[in-house]
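Colleague: Let me begin by handing over the structure; questions about it come next.
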DNA sequence: TAGAACTCTAAGCATGCTCTCAGGAACATC
DNA sequence: GATGTTCCTGAGAGCATGCTTAGAGTTCTA
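Chains as they are written, first to last, in my numbering: chain A, 1000 to 1224; chain B, 1000 to 1224.
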């Protein structure tokens, strides 16, 4: 973890906030606190934290609402939720809404820290995926090949982003169907082929190196080397 | 998540195990259960799961011990720990030891599932099988002998990968037929011979050590020593 | 509400992979 | 060396796989 990493703590229980904040600061984080939903949202937008610790129970807008709003704005900052002990529904709901982890109250400082470290460890990364001379900006959904800007539809983008997140890997039709489309098993369709063709037309221009490769019998791969 | 993903469940509480196992299987996982530390270790080594769900409280060797041993052997399979409610020490300890996540008992199935999905989503990495000077990258399906790159068809690759996963072992025709092809018994065919020949032509170049060996009357083996 | 844009299905077609078959080589046993 | 068994190999038929294209159905937009 880099020192100076910005952490936003959204927690209405002052006791907890006033205990956690100095602890995090002591460890080299830059911390901001917010005490209800709306101010949490505002802080998330202005402070631009690298990580958000978000209580579920909050005045005005609850944690789930805040998370939802942020994600709908395209904010992908990693989020750890704080939940009451047995609120399993909330937990599962949060994870599927795009929370990255949660901690059950009451918690110990060491545990929260371990989770913060773990989460930062796996989300410290660029927002821009690069594969060969292709750039995929996951924040703005902007795609460029060299200098050429590429316009993609929603589905095309989703497919390309997934492939760019797993460069060089063989991605089977079933995997793509389950990850990019929400298709179950056993469905007979050729959407994947069709969308690969669409992408090829836009990404692999004439005279350019073919990034999107077919591996007959296995699937497709986005080649970066 | 790919269907057929192997999950190992190490849990001595039969009630839990017998509830979780069929649930996971229903969702397309291939599941194996173990009921104490040593058999959990053994299963981890033989079954080669893609993910392990590991209870902390276990007979003979506890979960932390199992995790420690596995990590010390270089096994990096993602692990979800099951912990009693307030065992914070264990939790922190486990995370630092290399557990990837944990779930607090009692848990609901949906929660465990959400965590399994999340973990599988973020831990797909490269796995390279090495046999002598042969490299088989199971993520990219790239095959090299020394520096020479080898192009294989889907079936050829499937056969070679299987052999590379079991180096130095005699692999009977029937075994190969059942594992690489989906053939039942009693079918009279010589596909295996044919494909072994294809592989030889590509893998064992002229002047190179023969890795693919015939054991007359028994089957074939990929020699690595 | 019409038109545009997007998503997906379906059918036709080219390619080359997969597998069978049959003859010949290699090996074991006497 | 003769004989039977096991394995190798080359050729070719059939068919699965993947690419294209057209268009139907749906959603977005002006």
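Here a beta-carbon is modelled for each residue, glycine too, at the ideal position from N, C-alpha and C.
1) Just to check my reading of the structure: residue 1100(B) and residue 1079(B) have Cβ atoms closer than 8 Å, yes? What is that Cβ distance to the nearest angstrom?
2) Mind reading off the beta-carbon distance from residue 1134(A) to residue 1147(A)? Whole number of angstroms is fine, and I expect it under 8 Å.
3) Following the continuous beta strand (DSSP E) through residue 1127(A), name the residue where it begins and the one where it ends.
4) Find the residues of chain B that neighbour residue 1235(A), judging by a C-beta separation of less than 7 Å, and give them in chain order.
5) Taking C-alpha atoms, which residue in 1170(A), 1028(A), 1210(A), 1031(A) lies nearest to residue 1216(A)?
6) Whole angstroms are fine: how far does the CA of residue 1028(A) sit from the CA of residue 1044(A)?
7) Any beta-carbon of chain A closer than 8 Å to the one on residue 1153(B)?
8) When you compare the CB positions of residue 1130(A) and residue 1210(A), do they come within less than 8 Å of one another, or not?
9) Taking the runs of the beta strand (DSSP E) that are 3 residues or longer, which of them lie wholly in the region 1038-1079 of chain B?
10) On the CB-based measure, 16 or more other CB atoms within 10 Å of its CB, does residue 1036(A) come out buried or exposed?
11) Determine the chain A residues that contact residue 1103(B) at a beta-carbon separation under 8 Å, and present them in chain order.
12) Tell me the residue span of the alpha helix (DSSP H) that contains residue 1193(B).
13) Output needed in chain order: residues of the region 1200-1224 of chain A with a Cβ under 8 Å from some Cβ in chain B.
14) Can you tell which of 1204(A), 1082(A), 1033(A) has the C-alpha that lies nearest to the C-alpha of residue 1145(A)?
15) Between residue 1163(B) and residue 1197(A), what straight-line distance do the alpha-carbon atoms span, to the nearest angstrom?
16) Please identify the residue among 1168(A), 1018(A), 1008(A), 1012(A) whose C-alpha is closest to the C-alpha of residue 1041(A).
17) Got a sec, what are the start and stop residues for the alpha helix (DSSP H) residue 1212(B) sits in?
18) Tell me whether the beta-carbon of residue 1176(A) lies closer than 8 Å to the beta-carbon of residue 1168(A).
19) Going by beta carbon distance, what residues of the same chain come within less than 8 Å of residue 1118(B), once the five residues before and after it are set aside?
20) With a threshold of 8 Å on Cβ separation, who are the neighbours of residue 1178(B) within its own chain once the five nearest residues in sequence on each side are excluded?
21) Measuring alpha carbon to alpha carbon, tell me which of 1155(A), 1180(A), 1173(A), 1187(A) ends up nearest residue 1195(A).
22) Apart from the five residues just before and just after residue 1002(B), which ones in its own chain have a Cβ nearer than 6 Å to its Cβ?
23) With residue 1175(B) as the anchor, note down where its alpha helix (DSSP H) starts and where it stops.
24) Using the three-state DSSP reduction, which class does residue 1036(B) fall into: helix, strand or coil?
25) In the DSSP output, which residue or residues are listed as bridge partners for residue 1218(A)?
26) Tell me whether residue 1010(A) is buried or exposed, calling it buried when 16 or more other Cβ atoms sit within 10 Å of its Cβ.
27) Just list the residues that DSSP pairs residue 1167(A) with in beta bridges.
28) DSSP has residue 1101(A) in a bridge; who is on the other side?
29) Is it buried or exposed for residue 1072(A), if we count other Cβ within 10 angstroms and need 16 for buried?
30) DSSP state of residue 1182(B), grouped into three classes?
31) Could you tell me the distance, in whole angstroms, from the CA atom of residue 1014(A) to the CA atom of residue 1150(A)?
32) Grouping DSSP H, G and I as helix and E and B as strand, with all else coil, what is residue 1026(A)?
33) Determine, using beta carbons only, whether residue 1002(B) comes closer than 8 Å to chain A.
34) Could you tell me how far apart the beta carbons of residue 1166(A) and residue 1218(A) are, in whole angstroms, since I believe they sit closer than 8 Å?
Modeller: From the atom records:
1) 5 Å
2) Not really, about 11 Å apart at Cβ, beyond 8 Å.
3) 1127-1130
4) Residue 1235(A) lies beyond the range of chain A shown here (1000 to 1224); nothing can be said about it.
5) 1170(A)
6) 18 Å
7) yes
8) yes
9) 1050-1054
10) buried
11) 1103
12) 1190-1202
13) 1214, 1215, 1216, 1217, 1220
14) 1204(A)
15) 36 Å
16) 1008(A)
17) Run containing residue 1212(B): none in the alpha helix (DSSP H); it sits in the beta strand (DSSP E), 1211-1214.
18) no
19) 1050, 1077, 1079, 1099, 1100
20) 1161
21) 1155(A)
22) The predicted model places residue 1002(B) with a pLDDT of 48, which falls under 50 and marks its position as unreliable, so this point remains unresolved.
23) 1172-1178
24) helix
25) 1214(A)
26) buried
27) BP columns for residue 1167(A) are empty, so no partner.
28) 1080(A)
29) exposed
30) coil
31) 50 Å
32) coil
33) Confidence at residue 1002(B) is low in this model, with a pLDDT of 48, below 50, so the placement of that residue should be treated as unreliable; the coordinate-derived value is given next. By this cut-off, residue 1002(B) is an interface position.
34) The pair is not a contact, with the Cβ atoms about 14 Å apart (cut-off 8 Å).
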